[in-house]
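Undergrad: Pasting a structure below so you can have a look.
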Amino acid sequence: MAHGRRKKRRVAATTPQEEEAARQRFLEALEAQRANARNQDATEPAETQATATAAEALPGFYYDETKRRYFRSTPASERRQQEKLEMQQQKQQIHDQKVEFQTKARRSHGINGHNWVAYMAQRQSNYTWSARNRDIRDLMPKMLSDFLSSQVVKSQEMEINGRLTALALHPRASNLGALGGEFNCDQVFEATSSGRLDILGLQRLPPSESPTQRALPICNFNIQGVITSLQWRPVQELDILVCQLESGQRSLPRTSPGRVCLLRVGDQETRGVALVSTARMKRLDFPDPWTAKWYDSSNLLMMDMGCLLDPTDTGKFCVGYGGRKLTAAYVDGVADNSEMLLAPFGKISSAVHAQSFFPTGNVVLNGTKSGGLWGWDTRTPRRIFEWEEEVTPDRPAGSVLDVHMLSDCRRAVVQRSNGELRVVDLRSSKPVVEFMAGAPKRYLPSLRCAIDSNESVVVAGGDAQRPLAVNSFDLRDGRCVSSVEVQNNAQTEKRSTLVQQVQLKSGHYGSRYENTPEIWAISRNELYVCSGRTDNSDE
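Counting with full-length UniProt numbering, you get residues 1 to 539 for the letters of the sequence shown.
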């Protein structure tokens, strides 16, 4: 078998036309491949955006992107979602500013890339991002806590034969207040108790003296009964609401178990004294009235319909009392016949001990003796919600003694007779922040707390471990940011009792220091007033 080299197959030579056609096909295929790659790059962001926005917003639920599930909304989850949304908006704002002020790179004086305009814009955006809402969240509670902790709160030298039950500070005058209590008086046949309303003035002393200010009684007004609540009229500031229970005189016939009096206090500016005019007085009979609240419309609110609330329409107030079924009323005190609107019936029939208006002025939040809360829209014939406090054998419900509705119309600060102080979310009817826990075998009938005008701190007494302390708490997280010990007079022979009612009062209305409050407080037998500062600074 012969072996030899395999002959090569002859291939016809390509013509220039064939080479040009092959080159053209290669270029067309390459261009098609590049176009396909560009189309894929353009469709990928749209697909990712579509998948990111595929989750629809459901009321009452939120979507977790990591778990790809819906969960029921809670106050904590809503707060996290809000912070996440704010963070995304801030990052987008910073990115937009970078794109807006981006310039072409050039070499000059060692600077490569950006000019001073972009640098200042970036610096301003960083400052805006870092300082956003920090004045309300961090700086305002810190400033108020430092200011309150530096105050010297001393007892006033006043002759008190009985117990103090109510304190009201004038909403605009820095040197005027009212004090109510039950005072004992011995008669020939029996010992009785009567109420007395004291109008107080604040005397300012030279800064070199100590104390720098003190409260002095201007006049007093004796009434039959025990004063349970006091409040000045918010705008006109001449009237004061007084709730009084029946006196302890058993020999007198029981004509009415209580009444609400509307008193006129005037002439404090022209004559230097405050006179109670008996001619300008209205009496409304209620069974066991515990509280009466004016609606304060000094802060204008823009309603959804575009109308403004009238800031002078403050003649209406609400009353909480202890009837069998009817426990609240809405009264027009300016009208001649005192028109009255009674609250509708509901499951909770316990006496109303605390009330607070919503900022809109149409809804009243009521706190009851049994520990429940219920809302009443004065424009509707039924209650809008009712909520009873959970009761256990180890933790009985305390009576609601004080309630403050916050400006968001969702949360309320509630203080109970067992010392409990919390923030309650009315949407879920559950407490979200706790300042002080309640004790099971404890009853303090006169507890009241105060909130500053910016709603950043809550100031309250009633501390079982420190009876003479006035504590300030951060409204957002419940931290105790400051504490002040009240000081009693060294010459007094009275026994110190627990501080129960606390109020804040500006000492500089109409000035730049209007939002710097001063502490006023009462115990069972003492009145405490801010008498100076520890750093001796004259604000």
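The beta-carbon is built from N, C-alpha and C at its ideal position, and this holds for glycine as well.
1) Would you check whether the ligand SAH has a heavy atom nearer than 6 Å to the C-beta of arginine 479?
2) Identify whether aspartate 96 lies in helix, strand or coil by the three-state DSSP scheme.
3) Comparing C-alpha positions only, which one of Leu245, Ala57, Arg410, Ala215 sits nearest to glycine 181?
4) Whose C-beta lies closer than 6 Å to the C-beta of valine 273 among residues of the same chain, with five residues either side of it excluded?
5) Taking the beta carbon of tyrosine 321 as the centre, do at least 16 other beta carbons fall within 10 Å, making it buried, or is it exposed?
6) Starting from lysine 142 and walking both ways along the alpha helix (DSSP H), at which residues does that stretch end?
7) Of the residues Tyr63, Arg80, Arg79, which one's Cα is nearest the Cα of arginine 72?
8) Among residues of its own chain, excluding the 5 on either side of serine 149, which ones have a beta-carbon nearer than 8 Å to its beta-carbon?
9) Per DSSP, what are the beta-bridge partners of asparagine 366 in this structure?
10) Would you call the stretch 210 to 217 in contact with the stretch 225 to 243, where contact means no fewer than 3 C-beta pairs closer than 8 Å?
11) Quick check on the burial criterion: 16 or more other C-beta atoms within 10 angstroms. Buried or exposed for asparagine 39?
12) Of all the options Thr14, Leu527, Asn515, which has the alpha carbon lying nearest to the alpha carbon of residue 540?
13) Given a cut-off of 7 Å on the beta-carbon distance, is the pair serine 349 and lysine 325 in contact?
14) Once the 5 residues before and after isoleucine 384 are set aside, which same chain residues still bring their CB inside 6 Å of it?
15) Go ahead and label histidine 95 buried or exposed: buried means 16 or more other beta carbons lie within 10 angstroms of its beta carbon, across all protein chains shown.
16) What are the partner residues of glycine 419, as DSSP defines its beta bridges?
17) Tell me, to the nearest whole angstrom, how far the beta carbon of glutamine 487 is from that of valine 152; I am working on the premise that it is less than 8 Å.
18) Hey, quick one: how far does the beta strand (DSSP E) through glutamine 503 stretch, first residue to last?
19) Measuring alpha carbon to alpha carbon, tell me which residue in Asn36, Ser428, Arg68, Gly323 is nearest glutamate 386.
20) Identify every run of the beta strand (DSSP E) within the stretch 210 to 250, keeping only runs that are complete inside it and at least 3 residues long; order them along the chain.
21) Is lysine 282 near tyrosine 295, with beta carbons less than 7 Å apart?
22) Please work out which residues of its chain come closer than 7 Å, Cβ to Cβ, to glycine 346, disregarding the five sequence neighbours upstream and downstream, and give them in chain order.
23) Starting from the Cα of leucine 200, find the closest Cα among Pro206, Phe221, Ser194 and give me that residue.
24) Under the three-state reduction of DSSP, which class applies to aspartate 198: helix, strand or coil?
25) Within the continuous beta strand (DSSP E) that includes leucine 527, where are the two ends?
26) Consult DSSP for alanine 460 and reduce its assignment to one of helix, strand or coil.
27) Classify leucine 475: buried if its beta carbon has 16 or more other beta carbons within 10 angstroms, exposed otherwise.
28) Once DSSP output is grouped into helix, strand and coil, what is the label at tyrosine 295?
29) Just verifying my parser: in three-state terms, what is the DSSP assignment at proline 288?
30) Contact check, leucine 365 vs methionine 340 under 8 Å by CB: the rounded distance?
31) Can you look up cysteine 77 in the DSSP assignment and give me helix, strand or coil?
32) Going by the CB atoms, is the gap between aspartate 408 and arginine 448 shorter than 7 Å?
33) Compute the beta-carbon to beta-carbon distance between isoleucine 240 and leucine 216, rounded to the nearest angstrom, for a pair I have assumed lies under 8 Å.
34) Starting from valine 400, follow the beta strand (DSSP E) in both directions and report where the run begins and ends.
35) According to DSSP, is asparagine 39 part of a helix, a strand, or is it coil?
36) Mind checking whether proline 289 and cysteine 243 have CB atoms under 7 Å apart?
TA: In short:
1) Among the components of this structure there are no ligands whatsoever, and the ligand SAH is therefore not found.
2) Of the three classes helix, strand and coil, the one that applies to aspartate 96 here is helix, per DSSP.
3) Of the candidates Leu245, Ala57, Arg410, Ala215, the residue whose Cα lies closest to the Cα of glycine 181 is Leu245.
4) Legend: pLDDT at valine 273 = 43, less than 50; position of this residue unreliable, value from coordinates given subsequently. Its chain contains Ile218 as the residues whose beta carbon lies nearer than 6 Å to that of valine 273, once the 5 sequence neighbours on both sides are disregarded; these appear in chain order.
5) Classification for tyrosine 321: buried.
6) Unbroken alpha helix (DSSP H) run through lysine 142: 140 to 149.
7) Comparing Cα positions, the closest option is Tyr63.
8) Excluding the 5 residues flanking it on each side, serine 149 has same chain C-beta neighbours closer than 8 Å at Ser472, Ser482, Ser483, Val484, in chain order.
9) According to DSSP, asparagine 366 bridges with Gln355, Trp374.
10) The stretch 210 to 217, when compared against the stretch 225 to 243, does not touch it at the 8 Å Cβ threshold.
11) Exposed, by the Cβ-count rule.
12) What is shown of the chain runs 1 to 539, which leaves residue 540 out entirely.
13) Yes, Cβ-Cβ distance for serine 349 and lysine 325 is below 7 Å.
14) Gly375, Asp377.
15) Label assigned to histidine 95: exposed.
16) Per DSSP, none; premise fails for glycine 419.
17) The beta-carbon distance between glutamine 487 and valine 152, rounded to whole angstroms, is 7 Å. This is short enough to meet the 8 Å contact definition.
18) First-last of the beta strand (DSSP E) with glutamine 503: 501 to 506.
19) Looking at Asn36, Ser428, Arg68, Gly323, the one whose alpha-carbon comes closest to that of glutamate 386 is Ser428.
20) List check, beta strand (DSSP E) in window: 213 to 223, 226 to 232, 239 to 245.
21) Contact: no.
22) When the five nearest sequence neighbours on each side are left out, the beta carbons in the same chain lying within less than 7 Å of the beta carbon of glycine 346 are those of Trp374, Arg383, Glu386, in order along the chain.
23) With distances taken between Cα atoms, leucine 200 lies closest to Phe221.
24) If DSSP states are grouped into helix, strand and coil, aspartate 198 belongs with the strands.
25) Unbroken beta strand (DSSP E) run through leucine 527: 527 to 533.
26) Residue state, collapsed to three classes: strand.
27) Result: buried.
28) Under the three-state reduction of DSSP, tyrosine 295 is assigned to coil, being neither helix nor strand.
29) Going by the sequence as given, residue 288 is aspartate instead of proline. Coil at aspartate 288, not helix or strand.
30) With a Cβ gap of about 19 Å, leucine 365 and methionine 340 do not count as contacting.
31) The residue asked about is misnamed: residue 77 is serine in this sequence, not cysteine. Assigned with DSSP and collapsed to three states, serine 77 falls in helix.
32) No.
33) Not a contact, Cβ separation roughly 18 Å.
34) Secondary structure note for valine 400: its beta strand (DSSP E) is the uninterrupted segment 400 to 405.
35) Asparagine 39 carries a helical assignment under DSSP once its states are collapsed to helix, strand and coil.
36) A contact, by the Cβ cut-off of 7 Å.
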